[in-house]
Each structure stands twice: as C-alpha cells, then as structure tokens.
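Novice: Residue numbers (our numbering): 8 to 223. The C-beta atom is built at its ideal place from N, Cα and C for all residues, glycine as well. Got a structure for you, questions after.
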C-alpha cells in the first residue's frame, strides 16, 4: 500500500518532535511503565510470546520486558526517528533482539504481513485517531494480528482528560467505549483509571484496559 498524504504529514509531525526533543522530556515519557507491566503480568503471556508495541515511540516498557526475559518483541511506529532514538537508547545488543517496523496504523502495509501476536500493546496512540476512517483500519489490523486467546492492552486519554496532545486533537475514552470499538470477540478483563504525571509535573488522566480475545 502506498503512503497517503496523511501518512507523510503525520510522519513529518512526529519525526520533527523526536528530532528536536530529548525523549525524557516528552509529554508521554514514562521512567517506569508500571501500569502496563502490571497488566502484562496479569495476562500471563509466556516469555517467548510475540508482543507488538504499536506507536512504540520512546517507550521504556521494551527495556523492562527484555530485562524480564521477554525476547520476542516487535516495535512499530510511524516515525522512523522515534524508532532510531529507541534503538540508540537500547544499544546494539538489545536492539538485535527486537523486530523493527516503520508503518502507519491507519494505512498499514508491512504490519499486515507479520506473524500473529499474543499481545498487542498500545499506550497513547489510538486516541489520536479521531475519525472513523482512521480507527477502522487500526482495529481491523488488531483483529487480524491478535491470536485467539491473545490479549490487547490499550491505554488512552480518559473522558476527563485533555482534548489535545502534541498539538493534535485526541478522542477520549472509557472502558465501555473501547469495548465497543473492539467488538464482542474481545472480553474486557481489567480496566482502571490512572493519573500520569508528565515530565513537566502536570497530571493527565488515562484509562488502562486489558482485553482477552475469545477462541475462534
């Protein structure tokens, strides 16, 4: 699939942010990704399970999971600059244990051809897809890739959260809205609100959700 004008525009937006900013100053940076780690432990995926981090950006979750022995992780982002920054931080040895894919979740090309995954992890990406035509391919891809019995973790701005992030509008959620997007084949296993403290010291409310996919 050829890149769309929207893909180029959004890619430039995020590339510019990652080029001009220190990753630990970004408004979504987490020193310790404890909420995601908690949910991954709850779903109990095996250490060799395929884990896909969508919109991986500057996540420190990958580092933590590598330390815990999860050796089958895939990082994808629309921004090649974001993935380069993440690779630099991880270093060459850890980076070689990863699979890296630059792609657009709203117009995926490479991602549609990868092997299925046991866990889909999204913190603060899907809420940027404010239009139905952006969300539809995202959730189609999720359903295409997550195995029966697999899991999806989605963390998004809470209904009471900010209306914009990094200059872009966001769509805010609660667990019921996310469950509606995923559809009946996914069971809501866990949901909780979380107050994220930005590097600036400001607070942003998130909703964290864990869904289990039923058998075919």
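1) Taking the beta carbon of residue 93 as the centre, do at least 16 other beta carbons fall within 10 Å, making it buried, or is it exposed?
2) On the CB-based measure, 16 or more other CB atoms within 10 Å of its CB, does residue 214 come out buried or exposed?
3) Whole angstroms are fine: how far does the CA of residue 110 sit from the CA of residue 180?
4) Between the stretch 98-115 and the stretch 126-146, do three or more beta carbon pairs fall short of 8 Å?
5) How far does the beta strand (DSSP E) with residue 107 in it reach, from first residue to last?
6) Should residue 8 go down as buried or exposed, given a rule of 16 or more other Cβ atoms within 10 Å for buried?
7) As a quick exercise: from 200, 73 and 166, pick the residue whose alpha carbon is nearest that of residue 53.
8) Who are the Cβ neighbours of residue 106 in its own chain at under 6 Å, not counting the five residues just before and after it?
9) Rounded C-beta distance between residue 61 and residue 127? I'm assuming under 8 Å.
10) So what's residue 77 in DSSP terms, helix, strand or just coil?
11) Please report the straight-line C-alpha distance between residue 27 and residue 116, rounded to a whole angstrom.
12) Go ahead and label residue 202 buried or exposed: buried means 16 or more other beta carbons lie within 10 angstroms of its beta carbon, across all protein chains shown.
13) Where in the stretch 131-173 do unbroken runs of the alpha helix (DSSP H), each at least 4 residues long, occur, reported from the N-terminal end onward?
14) Identify whether residue 30 lies in helix, strand or coil by the three-state DSSP scheme.
15) Between which two residues does the alpha helix (DSSP H) containing residue 92 stretch?
16) What does a CB cutoff of less than 6 Å around residue 194 pick up in its chain, not counting 5 residues either side in sequence?
17) Between the C-alpha atoms of residue 15 and residue 141, what's the straight-line distance to the nearest angstrom?
18) For residue 211 versus residue 146, is the C-beta distance shorter than 8 Å?
19) Please tell me whether, using a cut-off of 7 Å, the distance from the CB of residue 140 to the nearest non-hydrogen atom of the ligand GTP is below it.
20) How should residue 183 be labelled, buried or exposed, when 16 other C-beta atoms within 10 angstroms of its C-beta is the threshold for buried?
21) With distances taken from CA atoms, which of 148, 91 and 41 is nearest residue 189?
Specialist: Let me lay it out:
1) Taking the chain shown and counting its residues from 1, one reaches residue 93 at position 86. Residue 93 is buried by the Cβ-count criterion.
2) Translated into the one-based positions of the chain shown, residue 214 becomes position 207. Buried: at least 16 other Cβ atoms inside 10 Å.
3) Working through the chain shown from its first residue, we reach residue 180 at position 173. Working through the chain shown from its first residue, we reach residue 110 at position 103. In this model, residue 180 and residue 110 are separated by some 24 Å (Cα to Cα).
4) Cβ pair count under 8 Å is three or more, so yes.
5) Sequence index remark: in the chain shown, residue 107 carries index 100 (1-based). From DSSP, the beta strand (DSSP E) with residue 107 extends over 106-109.
6) Position 1 of the chain shown holds residue 8. With a pLDDT of only 44 at residue 8, under 50, the local geometry of the prediction cannot be trusted, and no value is derived from it.
7) In the chain shown, residue 53 corresponds to position 46, counting from 1. Nearest of 200, 73 and 166 to residue 53, Cα basis: 73.
8) Position 99 of the chain shown, counted from the start, is the residue given in the question as residue 106. Within the same chain, residue 106 has close Cβ partners 81.
9) Translated into positions along the chain shown, residue 61 becomes position 54. Translated into positions along the chain shown, residue 127 becomes position 120. At roughly 7 Å, the Cβ-Cβ gap stays under 8 Å, so residue 61 and residue 127 are in contact.
10) Translated into the one-based positions of the chain shown, residue 77 becomes position 70. DSSP places residue 77 in coil when its eight states are reduced to three.
11) Position 20 of the chain shown holds residue 27. Position 109 of the chain shown holds residue 116. The alpha-carbon atoms of residue 27 and residue 116 are separated by roughly 28 Å.
12) If you number the chain shown from 1, residue 202 lands on position 195. Exposed: under 16 other Cβ atoms inside 10 Å.
13) 139-152
14) Mapped onto the chain shown, residue 30 falls at position 23. Helix, per DSSP.
15) By 1-based counting over the chain shown, the position of residue 92 is 85. Residues 87-97.
16) Here residue 194 is taken as the residue at index 187 of the chain shown, counted from 1. Correct list, in chain order: 219.
17) Indexing the chain shown from 1 puts residue 15 at position 8. Indexing the chain shown from 1 puts residue 141 at position 134. Straight-line Cα distance between these residues: approximately 15 Å.
18) On the chain shown, position 204 is the one that residue 211 refers to. On the chain shown, position 139 is the one that residue 146 refers to. Remark: C-beta atoms of residue 211 and residue 146 do not approach each other more closely than 8 Å.
19) Annotation note on the ligand GTP: not contained in the displayed structure, which lists no ligands.
20) The residue you call residue 183 lines up with position 176 of the chain shown. Exposed: under 16 other Cβ atoms inside 10 Å.
21) The residue you call residue 189 lines up with position 182 of the chain shown. Answer by Cα proximity: 148.
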